[in-house]
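Residue numbers (the numbering used here), protein chains in the order written: chain A, 4 to 381; chain B, 540 to 1152.
Here you go:
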């Protein structure tokens, strides 16, 4: 499980004034409603994708319940506690990544799990939260915007776990962790010159990055540009996914009627490629509806961030919101054939619990910094 | 500062989401039609439904060609990456030998990679179970249930029915490919080839929905195939077997016809072969053994064997003389044992060295006097003889409903100029008059011509098949074209009387087959394979077995109401009267009296001179 943060108590935040019941419960109603609608919509799509298997639907419902519970619990913890936890969580997370790699050296191939005896734990999930926490903490120590040295420090703090995760190799999570740090840094007021420089460097470094990529990763990028070059290998995913979406048309083939999905032409239809199931069965309007809900959640997250008064809370809430968007964009971009195939789920819709709990914990953090009054830091 | 950054971030989010929306719109709106087609191609497959091949029954309803279920392990090459590895896996499960792999590779090269190719045929129940257990791991592997053509009577029907075999590239160019999608077999020769269209039927098809693994999920629509129609034959398999038994171990042929209908009652070529291994492709070694056998079992002697008709042609030549007015039944000629053309030194010898003395038409036929026919042929001339014999389908095939019939050779001036670029010699006319020289006829031609004599001068094209049965309505009879040759009934009667005496006269060449049960009209023949020089005497014993004369016999019975007409040929059998006639008698006994042939017939060429020709 992703959240191994130890004692999350139902600590009561110091309530100064209570404008609403929701606020007193440290929740944001618009965000909660939007997340509920999204989860319901997601369940509907998933129920079709899993061939209306009630058992698997129940499992997903349980996971959703757990994730919402975690969100509410995290929201109850006041920001000053998170402020204090930022460094220990980050350090613990990085150490575990090193441990995973060490174990992985002994074993073979991709090693993402740390076996803690009773439960298997994926440290990279923790870093999805620990990196924005750490960056927000680090950058909020001094007035913003950060200077050259602090920017460099923030860069190192971001790159270290991202590189470790990429070595596992787990490109999708590395991308999410790396972008989490970068986005916090951007919100902190990173100078446009450096933003420009980074983009230029990224372009310049692309060939270097390319040479570092493993064959299957290279293949995924290549097939994006020419899926037909390998119709039975890597290109198969993209081809079948585009066929599924394209054949859906404006209104879709109807719920449970997707031939691409149900005749198993579409790979990974319950997880990474569930967006294609939606596109096939509910069509263009179904996709617009889903993206609309996502957009509302993201804009609401950014609005909340801009309403928080202290830097730590702002950077944390804004960064987490934008990471949520990165999930969305990388997944839909991949499924629609815009981006290479990278293992990133569609948040709150894809089957599977780990990422879902992490995401909802993130929303818990957003609500925590929003609803607890008073300075979150010192 | 932060709010500005958040605003920028929000705008970028909207922009990137718009990018996704534009991409989705491109797929779902702009290219919707294209992707709908691809999606249909993915899931909908058109599967041919092969029709069941029609069955073949003999005249009494005995099944001669059947369809037996057979299970075949197939592999679809397009779905396989490591073919050798896959075959390796299945070699561990079931027996797959060298020949299987060879055939598989051959068929694989010929067909499309998307078509299932048979690897192992005739799986046993146990093998099916073993493959089924493992098979699901290999989407390219299937067990196909086929109906396989079998010929329960094997050797006895091989030359008449022919057999079916896998469609080859030549045939693929000829057939309607759409109608044969899903069908592996096609008639290769005999009846199976001639009635291919009737027996095959029309292919149907079904549209099925398949999943990504190619498994059929449901049928969307289908058009049932029209099964091939059954054939009911004139052939009497019991008579066919008896005729083969009468031939015994001898190389030769028996053709028996019903003179009233032209129906083929029996058509035997000996030795035969088992057609069943040919259906799925006979092994190279087995085929070579059959092909190179000195007795040529694959060769259909009844249909394709061309032999000098010898004296069996004499009734027809005599009729030509009567019709042309060159002879009359009573006008006699003198036979001194040899014949010489005016101004020619060559002596054309009679088979009886001392000659026959005064010979009228009946004696000429009964004793098979050669000199009489030399003189008749000389006066008739080759052109008149050729034209008359052509009426009896000599030199041009009978038009039987079997593929691959040979027409024999009826010499003429024109033929000699065209083929050999030589002038006609008068002596050749004489040789043709006794059925020798370049003159060749098949046993089937002789039988059909004899049937025309039995039938009052009506030539009916022989037919093996009697009716086509689609199982819905009454069977559709197969018609046999018939033509009245316009012979003078008196002349015909004279000829038949003479042929009766061949059997009944104490001097007749076929006197030993005379029976009181029914009356036979017949004519023996002994066809030279080996040319005897002018001064030599002919000694049978010294001639190697394969150079000995062919023994022939044509007959019909009962004389007053003929029900069977036949021709018998025994290769290198010796004298017609001694060897071929008893076989003909056995066949007629079987058909007319229901008497099965006894073990030994004839004396196999051990004949005294008086058995004659």
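Glycine is no exception: its CB is placed at the ideal position from the N, C-alpha and C atoms.
Asked: Any contact between the segment 86–105 of chain A and the segment 274–283 of chain A? By contact I mean 3 or more CB pairs, one from each, below 8 angstroms.; Found: no
Asked: Could you say which of A:303, A:261, A:296 and A:293 lies nearest to residue 283 of chain A if we only look at CA atoms?; Found: A:261
Asked: I need the DSSP call for residue 587 of chain B, collapsed to helix, strand or coil.; Found: strand
Asked: State yes or no: is the beta carbon of residue 369 of chain A nearer than 9 angstroms to at least one beta carbon in chain B?; Found: no
Asked: Can you tell me the Cα-Cα spacing of residue 977 of chain B and residue 586 of chain B, whole angstroms?; Found: 55 angstroms
Asked: Check for me: the alpha helix (DSSP H) holding residue 42 of chain A runs from which residue to which?; Found: 32–52
Asked: Using a 10 Å radius around the Cβ and a threshold of 16 neighbouring Cβ atoms, would you call residue 690 of chain B buried or exposed?; Found: buried
Asked: The segment 143–157 of chain A: which residues have C-beta closer than 9 angstroms to a C-beta of chain B, in chain order?; Found: 147 and 148
Asked: Whole angstroms are fine: how far does the CA of residue 293 of chain A sit from the CA of residue 121 of chain A?; Found: Model confidence at residue 121 of chain A stands at a pLDDT of 43, short of 50, so the residue's coordinates are unreliable and nothing is read from them.
Asked: Which class does residue 831 of chain B belong to by DSSP, given the choice of helix, strand or coil?; Found: helix
Asked: Using a cut-off of 8 angstroms between C-beta atoms, extract the partners of residue 643 of chain B located in chain A.; Found: Under the 8 angstroms cutoff, chain A gives no residues; its nearest Cβ is about 23 angstroms from residue 643 of chain B.
Asked: Indicate whether at least one CB of chain B lies closer than 9 angstroms to the CB of residue 245 of chain A.; Found: yes
Asked: CA-CA distance, residue 991 of chain B and residue 1053 of chain B?; Found: 22 angstroms
Asked: By the 10 Å Cβ neighbour count, where 16 or more other Cβ atoms means buried, how is residue 219 of chain A classified, buried or exposed?; Found: exposed
Asked: Give me the chain A residues within the contact set of residue 748 of chain B, using Cβ-Cβ distance strictly less than 9 angstroms, ordered along the chain.; Found: 262 and 266
Asked: Quick one: Cα of residue 250 of chain A to Cα of residue 29 of chain A, how far?; Found: 44 angstroms
Asked: Throw me the rounded Cβ distance for the residue 698 of chain B and residue 861 of chain B pair, which I believe falls under 8 angstroms.; Found: Not quite, the Cβ-Cβ distance comes to about 36 angstroms (not below 8 angstroms), so this is no contact.
Asked: Excluding the five sequence neighbours on either side, which residues of its own chain have a C-beta within less than 8 angstroms of the C-beta of residue 345 of chain A, listed in chain order?; Found: 174, 175, 178, 223, 333 and 337
Asked: Flag this pair as touching only if the segment 129–147 of chain A and the segment 205–213 of chain A have three or more C-beta atom pairs under 8 angstroms; answer yes or no.; Found: no
Asked: Using only alpha-carbon positions, find the residue among B:849, B:863, B:846 and B:904 that is nearest to residue 872 of chain B.; Found: B:904
Asked: Between the segment 623–644 of chain B and chain A, which residues of the former have a C-beta closer than 7 angstroms to a C-beta of the latter?; Found: none
Asked: Go to residue 1154 of chain B, then tell me how far its beta strand (DSSP E) extends in each direction, as first and last residue.; Found: With chain B covering 540 to 1152 only, the question about residue 1154 of chain B has no answer from this structure.
Asked: Taking the alpha-carbon positions, what's the residue 492 of chain B to residue 604 of chain B distance?; Found: No information on residue 492 of chain B is available, as it lies outside the stretch 540 to 1152 that chain B covers here.
Asked: Tell me the residue span of the alpha helix (DSSP H) that contains residue 174 of chain A.; Found: 174–190
Asked: Under DSSP, the beta strand (DSSP E) around residue 216 of chain A begins and ends at which residues?; Found: Per DSSP, residue 216 of chain A belongs to no beta strand (DSSP E) and is neither H nor E.
Asked: Assuming residue 578 of chain B and residue 619 of chain B are in contact, meaning their beta carbons sit under 8 angstroms apart, how far apart are those beta carbons, in whole angstroms?; Found: Contact flag wrong, Cβ pair sits at about 25 angstroms.
Asked: Start and end of the alpha helix (DSSP H) containing residue 853 of chain B?; Found: 853–863
Asked: Would a check of beta-carbon distances place residue 567 of chain B closer than 9 angstroms to chain A?; Found: yes
Asked: Just curious, the alpha helix (DSSP H) that residue 309 of chain A is in, first and last residue?; Found: 277–310
Asked: If we call anything under 9 angstroms between Cβ atoms a contact, is residue 949 of chain B one with residue 964 of chain B?; Found: no
Asked: Going by Cα to Cα distance, which pick from B:1086, B:656, B:701 and B:1017 is closest to residue 721 of chain B?; Found: B:656
Asked: Nearest-angstrom Cα distance between residue 380 of chain A and residue 314 of chain A?; Found: The pLDDT assigned to residue 380 of chain A is 43, lower than 50, so where the model puts this residue is not dependable; a value taken from the coordinates is nonetheless given after this. Cα to Cα, the separation comes out at about 9 angstroms.
Asked: Along chain B, which residues have their Cβ under 8 angstroms away from the Cβ of residue 301 of chain A?; Found: 549 and 552
Asked: Against chain B, does residue 276 of chain A count as a neighbour if the rule is that its beta carbon must be under 9 angstroms from one of theirs?; Found: no
Asked: Name the chain A residues that come within less than 7 angstroms of residue 713 of chain B, Cβ to Cβ?; Found: Simply none; closest approach about 36 angstroms.
Asked: Assuming residue 153 of chain A is part of the alpha helix (DSSP H), what are its boundary residues?; Found: 151–169
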